[in-house]
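Only one structure is covered here, and it is reproduced in the block below.
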Amino acid sequence: MNITTMKMQELKETLEIPWFHLEEFKEELILEISIELMKVYQQYPFLKGKIQALGSNEDILKLMQEKLPKEKISFALNYCMSVGFIKKENLLFIGLGIHPALNKQNIDFWNEEIRKKSEEGFFTKHCQNLRDIIWHEVGHILDYQISFWKNPNFLSLLKKVDGNYIELAVSKYALTDVHEFIAECFLEANKGCGNEFCDLVTNTLIQEYTLVLKKKGM
Ligand SMILES: [Zn+2]
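Just so we're aligned, residue 257 is where the sequence shown starts under the working numbering, counting upward by one.
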């Protein structure tokens, strides 16, 4: 299977994302995102089918409002990608939004921007390019879908660290709020950082996520 020669429809089927609208984006950007999503699915096969939309941030927000207007809608905005979700029991609808600004520069530009932010300590050490950001967003998806930020096992882990530690061992961005902290730990652990604490948060997240799937018979 060669992802680089796939047509949009094939990509949509391969990635198993029902609402898939990347028409406005440059081919190289679509490829970057698709290739990395495939890696995510290789690492976590149970995530296939759990991302239900992929398109521009604005379109995903609109889509959510149209589909389920009475539900509580939240939207987590990020540096260049974002995760949109609707809360209904546990999460039922979740999309990965791509910021249209990404289209205005080439991939090398963004990769350089991200690498600089990583060097400054703003992003994690292992967040070196656009593809790495996908892992951060997937971390959000897992977190929101099972309300991991309220999970007692997570909260007891969180108690063990302070702001200084988080800034040094994870990133400045991880200090933004508990969601960014989880997403940054997830990225760092999946990039093989070897940080025990990021690994612990990530393993707990995966454990709890698979438990929820089991309970729901998924
Ligand atoms: Zn984030």
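Glycine included, C-beta positions come from ideal geometry on N, C-alpha and C. Predicted, not measured: the structure shown is a model, and the values here were computed from it.
How long is the line joining the alpha carbons of residue i and residue j, rounded to whole angstroms?
i: ASP455; j: TRP275; result: 32 Å
i: ASN313; j: ILE354; result: 5 Å
i: GLN265; j: GLY305; result: 16 Å
i: CYS449; j: VAL426; result: 10 Å
i: GLU464; j: PHE404; result: 8 Å
i: GLU376; j: ASN459; result: 27 Å
i: GLN299; j: LYS318; result: 31 Å
i: LYS406; j: ALA439; result: 14 Å
i: ILE259; j: GLU283; result: 12 Å
i: GLY473; j: ILE422; result: 35 Å
i: ASP315; j: LEU352; result: 10 Å
i: LYS344; j: THR270; result: Because the pLDDT of LYS344 is 43, which lies under 50, any placement of that residue in the model is unreliable, and the number read from its coordinates should be weighed accordingly. Approximately 27 Å between the Cα atoms of the pair.
i: ILE289; j: HIS382; result: 17 Å
i: LYS415; j: HIS435; result: 15 Å
Please report the residue range of the alpha helix (DSSP H) in which residue i lies.
i: GLY395; result: 386-402
i: THR460; result: 452-471
i: ASP364; result: 363-375
i: LYS250; result: Not covered by the structure: residue 250. The range shown for the chain is 257 to 474.
i: ALA445; result: 434-446
i: ILE259; result: ILE259 -> no alpha helix (DSSP H), and no H or E assigned at all.
From the DSSP secondary-structure annotation, give me the bridge partner or partners of residue i.
i: PHE276; result: LEU310
For residue i, decide whether its Cβ has a neighbour in chain B, counting only Cβ atoms nearer than 7 Å.
i: PHE379; result: Among the chains of the structure shown, chain B does not appear; only one protein chain is present.
Would you identify the three-state DSSP class for residue i, choosing helix, strand or coil?
i: GLY305; result: coil
i: SER242; result: This structure gives no information on residue 242, because the portion of the chain shown stretches from 257 to 474.
i: SER290; result: helix
i: TYR300; result: coil
i: LYS428; result: coil
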